[in-house]
Structure formats: C-alpha cells, structure tokens
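Protein chains: 2
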Amino acid sequence: MLTNLKINARRLWDSLMDTATFGGTEKGGLKRLTLTDEDKLVRDWFKTQCEAIGCTVSIDEVGNMFATRSGRDDSLPPIAMGSHLDTQPTGGKFDGILGVLAALEVMRTLHEQDYETNAPIEIVNWTNEEGSRFPPAMLASGVFAGVFPTAYAYEQVDRNGVTFLEELERIGYRGSMKAGDHKLSAMFELHIEQGPILEAERKMIGIVTGVQGMRWYEVNVHGQDAHTGATPMYLRKNALLGAARIVEAVDAIGQKHQPGVATVGLIENKPNSRNVVPGDVFLTVDMRHPDENALDAMEADFRAALETAIPALGLTYEEKKIWSSSAVKFAPELIDCVRSAAAKSNFGMRDMVSGAGHDAAYIARIAPTTMIFVPCEGGISHNEAEATSPEECAAGAQVLLDAVLAYDQTLAK
Amino acid sequence: MLTNLKINARRLWDSLMDTATFGGTEKGGLKRLTLTDEDKLVRDWFKTQCEAIGCTVSIDEVGNMFATRSGRDDSLPPIAMGSHLDTQPTGGKFDGILGVLAALEVMRTLHEQDYETNAPIEIVNWTNEEGSRFPPAMLASGVFAGVFPTAYAYEQVDRNGVTFLEELERIGYRGSMKAGDHKLSAMFELHIEQGPILEAERKMIGIVTGVQGMRWYEVNVHGQDAHTGATPMYLRKNALLGAARIVEAVDAIGQKHQPGVATVGLIENKPNSRNVVPGDVFLTVDMRHPDENALDAMEADFRAALETAIPALGLTYEEKKIWSSSAVKFAPELIDCVRSAAAKSNFGMRDMVSGAGHDAAYIARIAPTTMIFVPCEGGISHNEAEATSPEECAAGAQVLLDAVLAYDQTLAK
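Residue numbers (this note's numbering), protein chains in the order written: chain H, 15 to 427; chain E, 15 to 427.
#1: Could you give the DSSP three-state label for Glu400 (chain H): helix, strand or coil?
#2: Can you give, in chain order, each stretch of the beta strand (DSSP E) that sits fully within the stretch 58-117 of chain E and has at least 3 residues?
#3: Against Ile394 (chain E), what residues of chain H qualify as contacts under a CB-to-CB distance less than 9 Å, listed in chain order?
#4: Can you confirm whether Pro346 (chain E), when its beta carbon is compared against all beta carbons of chain H, has any partner nearer than 8 Å?
#5: Name the chain H residues whose beta carbon is nearer than 8 Å to that of Leu255 (chain E)?
#6: Tell me, please, which residues DSSP counts as bridged to Glu203 (chain H).
#7: Counting only Cβ pairs nearer than 7 Å, list the residues of chain E close to Val278 (chain H).
#8: Does the CB of Asn174 (chain H) have a neighbour CB from chain E at under 8 Å?
#9: Find the nearest neighbour of Phe178 (chain H) within the set H:Thr50, H:Ala240 and H:Ile135, judged by alpha-carbon distance.
#10: Going by CA-CA distance only, name the one from H:Tyr248, H:Ile336, H:Gly410 and H:Phe202 that's closest to Tyr376 (chain H).
#11: Under the three-state reduction of DSSP, which class applies to Met27 (chain E): helix, strand or coil?
#12: Alpha carbon to alpha carbon, how far is Glu313 (chain E) from Arg259 (chain E)? Give it in angstroms, no decimals.
#13: Go ahead and pull the three-state DSSP assignment for Cys407 (chain H).
#14: Where do the ends of the beta strand (DSSP E) carrying Val264 (chain H) lie?
#15: So, are the CB atoms of Lys427 (chain H) and Asp87 (chain H) less than 8 Å apart?
#16: Put His372 (chain E) into one of helix, strand or coil per three-state DSSP.
#17: Roughly how many angstroms separate the alpha carbons of Ala268 (chain H) and Thr277 (chain H), rounded to a whole number?
#18: Report the start-end ranges of each beta strand (DSSP E) in the stretch 311-364 of chain H that is 3 residues or longer and not cut off at the edges.
#19: List, in chain order, every chain H residue whose beta-carbon is nearer than 9 Å to that of Gln269 (chain E).
#20: Is there a Cβ from chain H that is less than 8 Å from the Cβ of Val300 (chain E)?
#21: Quick check: the Cα distance between Arg317 (chain E) and Leu254 (chain E), rounded to an integer number of angstroms?
#22: Restricting to Cα atoms, I'd like to know which of E:Leu47, E:Leu309 and E:Ala326 is closest to Ser338 (chain E).
#23: Does the distance from the CB of Asn289 (chain E) to the CB of Asp300 (chain H) come in under 8 Å?
#24: Excluding sequence positions up to five away, which residues of its chain have a Cβ less than 6 Å from the Cβ of Thr330 (chain E)?
#25: Measuring CA to CA, which of E:Ala266, E:Asp53 and E:Cys407 is closest to Tyr248 (chain H)?
#26: Determine whether the beta carbon atoms of Ala244 (chain E) and Gly194 (chain E) lie at a separation below 8 Å.
#27: Along the alpha helix (DSSP H) that carries Thr164 (chain H), what are the first and last residues, could you check?
#28: Does Thr131 (chain H) pass the burial test, meaning 16 or more other C-beta atoms within 10 Å, or should it be called exposed?
#29: Tell me where the beta strand (DSSP E) around Glu391 (chain H) begins and ends.
#30: Does the beta-carbon of Glu180 (chain H) have 16 or more other beta-carbons within 10 angstroms, so that it is buried, or is it exposed?
#31: Judging by CA-CA distance, which residue of H:Ile206, H:Ala409, H:Thr104 and H:Ala94 is the nearest neighbour of Glu391 (chain H)?
#32: Under 8 Å between C-beta atoms, does Asn234 (chain E) make it to chain H?
#33: Of the choices E:Ile386, E:Arg250 and E:Arg364, whose alpha-carbon is the least far from that of Pro325 (chain E)?
#34: Taking 8 Å as the threshold (beta carbon to beta carbon), is Ala426 (chain E) in contact with chain H?
#35: Label Ser155 (chain E) either buried or exposed according to how many other C-beta atoms from any shown protein chain fall within 10 Å of its C-beta, with 16 as the threshold for buried.
#36: Under 7 Å between beta-carbons, which chain H residues line up against Thr383 (chain E)? List them in chain order, please.
Okay, here's the thing in structure tokens:
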C-alpha cells in the first residue's frame with residue numbers, strides 16, 4: 015500500500031538553511047524566542063511558502079498556524095504534521111524546525127506530484143513550544159488540547175514584564191479561530207532526538223512510543239543584603255549559599271533516581287554585586303522520569319532538601335510547582351505506520367521514550383499521535399552547536415511522508 | 015585650641031534627603047551607579063552648592079571633583095574632606111554620601127561664620143568608589159594616588175561593554191587636571207561603619223586606625239549546554255554545579271579564617287534557561303583579612319578548592335586575581351585630632367579597623383589620612399534599608415569639623 019513518492023532532500027536542506035537567517039547567531043545557532051521580531055519573520059516566510067503551493071493558512075487565538083491541503087473527502091478531520099519554529103536563547107537550527115520544514119517538504123512533494131490524499135493534510139506550527147521566554151513549555155499546543163485555558167496563555171509574563179498576549183498582538187499573530195475548534199484525524203511530529211542514543215547505536219530512526227513525565231518548580235530564597243567586608247561570617251544570611259545547596263541537592267536527586275534527571279537551569283542573584291552578600295535568589299528546577307511514582311519520590315526528596323538546607327542558614331524560601339506533564343503513551347496504529355515507513359526505506363530503527371517534552375505529548379490527549387526521531391550529533395541540543403546531517407533530515411522527512419500516507423490509506427472509504 | 019563652631023544638623027539632614035531623589039528607589043534606597051545620568055545629577059547639584067558658598071570647583075581627568083576654599087596661606091596644600099556620591103545597585107542613602115555632604119556642611123559652617131583657616135580647605139567627591147559598575151573599587155582615588163595609570167581607569171568596561179572613558183565624557187565630567195597633580199596636607203573621610211560594632215557597643219564615633227587587606231578574583235567555569243530532559247546525569251558537564259561548589263568552598267574559607275571574610279557576590283549563568291543544563295558560569299570572589307599572611311592562606315585554600323572541585327565534574331575553569339589592596343595604617347597625628355574632637359563633644363568612641371575598603375585607603379599612600387565612623391542600623395549597608403539617624407550624621411559632621419580645624423591649627427606658621 016506504500017507509494018513511491020520521494021521527498022526532495024536538497025530542497026528540505028535549503029529551507030532549513032534559508033530560515034536559519036531569522037535569528038541566526040554568530041556561532042551558527044539560532045536565537046528565535048517565541049513572539050519576537052525574529053519569530054514573526056519565520057512565520058511570515060512559512061505562510062508565504064504554504065500559500066504558494068495552494069494551502070490555506072489559518073491562525074488560532076494563541077498564534078498556532080495551520081496550513082491545510084484538501085483531500086478527497088474534506089469532511090474527514092485533517093492529518094496533521096508539524097512541530098514548532100521558536101528556539102531557546104542559544105538554540106540550534108533543528109529542534110522543532112525540522113518537524114515543520116520536513117512537513118512543508120512533504121506537502122511540496124504531494125503538490126508537485128499532484129497526489130490526492132483521502133483526508134486533508136495539514137502542517138502545524140505550534141506557538142511557544144520552548145517556554146524559555148513565557149513558561150510553561152508547549153503552552154499553545156496545551157491550549158489547543160484543552161490543558162490550559164486561553165486566558166492562562168495570554169497572561170503569562172516574560173522576565174521583562176511583557177505578556178504573551180501583548181507580544182502575540184504586536185507581531186500580528188493573534189488569530190480569530192478558537193484554539194482546538196477543529197478536530198485532527200492524527201498528528202505526526204518529526205523531531206531530533208536531543209539525546210545520544212540513536213547516534214551511539216548507529217540507528218537512523220527512533221520509533222517514539224511515549225514521553226516521560228516532567229515537573230517544573232520555582233524557588234525564591236531570601237536572606238539579607240550586606241557589605242562583604244564589614245559583615246562577619248557569623249552574622250550573614252547569604253541567599254546564594256542557600257541556592258548553591260539547592261543546586262547540589264537537585265543534582266544529587268537526579269543521580270539517585272536515574273534514569274530520571276533533575277536540573278537547576280536558571281538562577282538570578284540579587285543584587286548581584288561583587289561586594290554585597292547576596293540577599294535574594296530566584297531559581298528554577300526541572301525534574302523528569304518515565305515513571306510517575308519515581309517522580310513523586312523525586313519531588314519528596316526535593317522538598318525535604320529545601321526544608322533541611324535553607325532554614326539552617328538563617329534563610330527563608332518559597333517553593334512552587336508551576337507545571338507538570340504526565341508520562342504519555344502514543345497511538346499504536348500510528349506507531350505501526352512509522353515502523354512500516356522506516357522499514358520500507360531500510361533505515362535502522364529502535365523504539366524509545368522521549369526524554370524531552372514535545373507538543374505531541376499534549377496533542378496525544380485529543381487525537382491519535384506519535385513522533386519520529388532522527389539522530390543529532392553528540393546528543394547535543396538546546397545549543398548553538400546542535401547538528402543533524404542533510405541525510406538524517408531527509409530520512410526523517412521520507413519516513414514522515416510514508417507514515418502519513420500509510421495512515422491516510424487507512425481512512426479510505 | 016578647639017573652636018566653638020557648630021554645624022547645622024538640620025541643614026545636613028535636608029541635603030542628605032534632597033540628594034536622595036537622584037537615583038532614589040521605591041524601597042527608600044539609592045541606585046546611583048557611577049557615571050550614569052543619576053550620578054551626573056548629583057554632581058551638578060554638588061557643584062552648584064559649593065560655588066554658591068564661594069568655593070572653586072575643579073575636575074580632574076578621571077572625574078574626581080574638588081571644591082576648594084582659600085585659607086590664610088594658599089601656598090599650603092589643602093586639607094581635604096570627602097568621600098563618594100556613587101552607590102551600589104541597591105544601595106542606601108549614607109554610604110559615601112554622608113562623607114561628602116558632611117564635608118559640605120563643614121564648608122557651609124566655615125563660610126557662614128566667616129572662619130579663616132590656615133590652609134585651604136577642600137571637599138572631594140571621588141569617582142567610582144563602589145566598583146560595582148566598573149571594577150575595581152576605589153578606581154579614581156587609586157589613579158589620584160598613583161596606584162593605577164589613568165589609561166587603566168579609562169579602559170574599564172561594564173557588563174554592557176561600555177567603557178569608563180565613554181561614560182565619563184558622556185556625562186561631561188572628564189576634567190583637564192591631571193589626577194594627583196595637586197598635593198594634600200591631609201585627608202579626612204567620614205563614613206558609616208557598615209558593620210554592627212558601634213551600634214552593639216552603643217558608641218557614637220569610631221576612631222579608625224586602618225583598613226583590612228582585600229583581594230578580588232574572577233572565575234569562569236566551562237561545561238556543555240545540553241537538554242535537561244534528554245541528557246542523562248552521567249553525560250552532563252553542568253557548569254552551575256561547579257559554581258555551586260565554589261560558592262560553598264568560598265564560604266567555608268571565610269568560616270575557617272575568621273575574622274577574615276570570603277564571599278561570592280556576583281554570578282552569571284549561561285544560557286540561563288529552565289530546560290538547558292548550564293554550560294558556562296562567571297562569578298566573582300571577594301576575600302578580606304586584617305593580616306596579609308592570613309590572606310595568603312585564604313588564597314591558597316581558594317585555589318586548592320578550584321583544582322579539586324572543578325575537574326572532578328568534567329569542567330574547566332580560568333581564575334584571575336583582578337585586584338588587591340594591602341592592609342593600611344592611618345596617620346597617628348590625624349587620629350589624635352579625631353580623638354580630641356570626639357572627646358570635646360563627649361561622644362562615646364572606640365578604636366577600630368575598617369572591614370570595608372575606602373578611598374582613604376589609597377590616599378593614605380600619598381598624604382596623612384584618617385577616617386571617622388558613625389553607626390548604621392543593624393550594621394546593614396550596601397542595602398536600601400541602610401539607616402543612620404540625624405543625630406549620628408550630625409555627630410560625625412561635628413567631629414569632622416573639629417578634627418579638620420584642630421589639624422589646621424597645627425599648620426599655623
């Protein structure tokens with residue numbers, strides 16, 4: 015039942031490199047934080063390209079973009095492919111972007127060959143997957159899936175005090191369509207692995223069976239600003255010393271609960287001056303594990319560490335869980351389509367659970383969903399040095415095309 | 015030989031409160047970083063006030079301001095009084111400012127009473143005492159004293175990449191006078207204690223006999239940015255974990271070598287994102303002790319801690335001592351004048367060594383110098399809550415007046 019359509023590897027690579035100029039950094043990475051001027055540039059480009067091949071582009075109220083191509087039976091909900099075009103502050107050229115631009119390449123191939131699908135086919139660009147400007151991550155796919163109310167997304171504030179809604183309107187991507195209003199027959203997300211396993215095992219395709227559970231926390235530590243020279247050690251309330259003990263404790267929790275991971279990624283020290291004992295520190299904690307019970311144990315260890323370490327230094331603190339995402343299992347019928355597609359091209363493959371969060375984890379709540387992974391060099395991502403080869407990008411796009419068409423054939427009347 | 019001149023306590027307090035609007039913060043403190051627009055405002059105000067009472071204001075090449083009142087014998091070098099008008103990012107209303115405005119109050123009292131001194135009397139406002147924008151601290155008094163070349167001050171860069179010289183010119187305070195070109199007969203610096211001792215012992219005046227030795231260091235820690243979810247604990251190179259161990263080690267060194275102190279005051283984490291394992295951290299270390307040999311031992315402990323902690327985490331680092339200041343002993347003949355002045359007003363007093371660095375520590379290299387301390391509430395400074403009462407400010411100004419006039423009388427021919 016598989017077709018003989020071939021994606022154009024060169025055209026895909028050129029699109030990846032062309033759009034990498036929107037927010038490109040000196041070190042060859044990308045800084046394209048969600049809803050910035052750079053994000054607007056790539057969105058405008060994406061819209062133009064999709065319209066050029068006959069797609070209809072619609073925008074929902076949280077800026078999610080849908081480029082739709084009609085099928086034989088437009089009463090069927092569309093089969094969606096996609097990911098996100100925003101990046102980390104020092105991100106790479108592939109995380110999220112490959113999933114959108116490979117979907118565009120699939121669409122271009124269908125258009126070029128005049129291939130008619132049963133269901134409509136759709137490319138999606140989800141707003142603010144990264145969450146590094148407006149936490150939490152996967153915010154707009156979360157709204158689409160009914161996890162967050164629209165108002166919750168609108169009121170999120172970045173570290174400069176600007177809201178999601180203000181920035182969405184400023185760049186002209188607040189659409190009128192209610193988020194989640196149209197159904198999906200399925201959702202396929204191609205993504206780089208962001209870990210070292212495929213490369214280490216020399217496999218081309220990761221068959222992603224699910225996503226691990228994740229929890230995010232914020233901690234404020236309070237002490238007392240004081241002069242570094244005139245304040246004896248025994249009279250200090252050093253908030254940074256408390257923060258250092260949290261960084262140490264969080265790392266130890268990750269070590270103890272492997273394959274779980276635990277990280278302090280962001281820290282802000284105040285007043286942050288060479289000759290002032292720090293009086294206040296803000297920091298964030300990220301904990302993940304494939305097993306929810308293990309995550310509960312990690313959380314308990316974390317809270318116990320705070321209770322022990324902070325008051326012992328004469329400090330106070332507030333801790334808040336700001337976001338969590340349960341472990342997810344993807345749709346078996348879609349996983350089968352990916353497996354068949356990879357086999358058709360004779361790509362080496364292995365099943366895996368995603369260590370990173372993805373829009374697909376939320377979409378899985380409302381539609382059959384799965385993901386396809388390709389390797390990235392050294393497992394490095396969220397980094398300007400992030401690298402996936404033209405061959406690996408092409409392999410992912412080909413598997414995406416074949417998996418989508420295989421699934422489309424199951425929808426024939 | 016002491017006069018009966020009385021300073022005007024109300025006028026001094028009004029000047030302190032009036033100028034606190036230049037860079038005033040919501041919490042009642044000051045943010046008046048050196049060579050900013052706010053610094054220019056207070057400089058302009060100070061110049062106007064001094065000229066209004068007949069002083070001649072001159073500016074040197076690093077922005078130090080001198081307001082001079084003629085004496086009976088202008089061939090004598092002036093007796094200087096003063097401190098600095100710049101503050102920490104979250105500083106108070108008294109640190110440095112009291113020393114300049116009390117000197118202004120002394121000058122106003124001399125002018126009002128038409129009192130003729132033997133030597134010229136001078137108020138000094140030293141540029142960039144704090145060093146929190148352009149390290150090191152006491153930069154311009156250091157240039158004046160020949161510790162640093164002028165070019166060294168000019169090329170210092172803030173965290174935004176702007177140079178000292180650019181900002182000095184921008185606010186219009188690059189004078190033509192070569193720094194250090196005119197001699198001083200003496201230098202008296204009134205300052206808040208910035209520590210808890212005078213308050214605890216209910217003493218009004220600290221007779222400052224010297225300043226402890228200080229050393230400043232910078233450390234860069236390098237690891238590898240990586241995705242928090244997809245990077246197993248055993249493959250991480252977490253630069254923030256290394257930094258946390260440095261914060262802990264530096265605190266332990268302070269604890270071990272008391273009455274010495276050791277502090278990490280400033281830390282910058284990169285890329286500082288919730289879901290990225292930190293790849294690079296910059297931090298600063300401040301170590302102080304009254305004994306230079308003890309400081310050597312603290313430095314050795316610090317370097318040993320770096321060598322042990324950082325490579326063990328798979329990280330690399332660079333460490334650099336960016337500044338040091340030896341322990342200082344003040345001029346006995348000036349200390350005697352301060353002691354007599356405090357006794358004349360029946361103020362409780364005690365000898366002490368300054369825990370903080372001051373411009374006086376550099377000026378002591380080229381002229382007889384001493385300091386006068388008054389209490390500050392809870393020993394708190396470098397903080398918006400910094401507080402010294404009107405009575406304590408007035409006591410300090412009165413002792414400054416009497417000490418200066420007592421020293422002036424020793425210069426009579």
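Where a beta carbon is used, it is the ideal one built from N, C-alpha and C, also for glycine. This one's a predicted model, so the numbers in the text were calculated from it and none came from an experiment.
Inspection of the coordinates gives the following:
#1: Glu400 (chain H): coil per DSSP, three-state reduction.
#2: Segments of the beta strand (DSSP E) lying fully in the stretch 58-117 of chain E: 70-73, 79-83 and 93-97.
#3: The contacting residues are Gln238, Asp239, Ala240, His241 and Thr245.
#4: No, Pro346 (chain E) does not count as interfacial toward chain H.
#5: Result: Val261, Glu262 and Asp265.
#6: Beta bridge pairing from DSSP links Glu203 (chain H) with H:Met385.
#7: Simply Leu254.
#8: No, because no Cβ of chain E sits closer than 8 Å to the Cβ of Asn174 (chain H).
#9: Residue H:Thr50 is the option with its Cα nearest to Phe178 (chain H).
#10: Nearest to Tyr376 (chain H) by alpha-carbon distance, out of H:Tyr248, H:Ile336, H:Gly410 and H:Phe202, is H:Phe202.
#11: Reading off the sequence shown, one finds Trp at residue 27 (chain E), where the question assumed Met. Trp27 (chain E) carries a helical assignment under DSSP once its states are collapsed to helix, strand and coil.
#12: Between Arg259 (chain E) and Glu313 (chain E), the C-alpha separation is close to 16 Å.
#13: Correct three-state label for Cys407 (chain H): helix.
#14: Element bounds for Val264 (chain H): not the beta strand (DSSP E) but the alpha helix (DSSP H), Ala253 to Lys270.
#15: Closer than 8 Å, so yes.
#16: His372 (chain E) sits in coil when the DSSP states are folded into three classes, being neither helix nor strand.
#17: In the sequence under discussion, the amino acid at residue 268 (chain H) is Gly, which differs from the Ala named in the question. Separation of Gly268 (chain H) and Thr277 (chain H) (C-alpha to C-alpha, rounded to the nearest whole angstrom) is 8 Å.
#18: Scanning the stretch 311-364 of chain H for uninterrupted beta strand (DSSP E) segments of 3 residues or longer gives 330-339, listed from N- to C-terminal end.
#19: By Cβ distance, chain H contributes Met247 and Tyr248.
#20: Looking at the sequence itself, residue 300 (chain E) is Asp, so the reference to Val does not match. Contact of Asp300 (chain E) with chain H is assigned, a C-beta pair being separated by under 8 Å.
#21: Distance from the CA atom of Arg317 (chain E) to the CA atom of Leu254 (chain E), rounded to whole angstroms, is 18 Å.
#22: E:Leu309 is the residue among E:Leu47, E:Leu309 and E:Ala326 whose C-alpha sits nearest the C-alpha of Ser338 (chain E).
#23: The answer is yes: Cβ separation under 8 Å.
#24: Contacts found: His236.
#25: Of the candidates E:Ala266, E:Asp53 and E:Cys407, the residue whose Cα lies closest to the Cα of Tyr248 (chain H) is E:Ala266.
#26: Not closer than 8 Å, so no.
#27: Start and end: Thr164 to Tyr168.
#28: The C-beta of Thr131 (chain H) has 16 or more other C-beta atoms within 10 Å across all chains shown, which makes the residue buried.
#29: Annotation for Glu391 (chain H): no beta strand (DSSP E) segment contains it, and DSSP assigns it neither H nor E.
#30: The residue in question, Glu180 (chain H), is exposed, as its Cβ has fewer than 16 Cβ neighbours within 10 Å.
#31: It is H:Ile206 whose Cα lies nearest to the Cα of Glu391 (chain H).
#32: Contact with chain H is absent for Asn234 (chain E), since none of that chain's Cβ atoms lies less than 8 Å from the residue's Cβ.
#33: The candidate whose alpha carbon is nearest that of Pro325 (chain E) is E:Arg250.
#34: Under the 8 Å criterion on CB atoms, Ala426 (chain E) is classed as non-interfacial with respect to chain H.
#35: Buried, because 16 or more other Cβ atoms sit within 10 Å of the Cβ of Ser155 (chain E).
#36: The premise fails here: Thr383 (chain E) is roughly 18 Å from chain H at the closest Cβ pair, so nothing lies under 7 Å.
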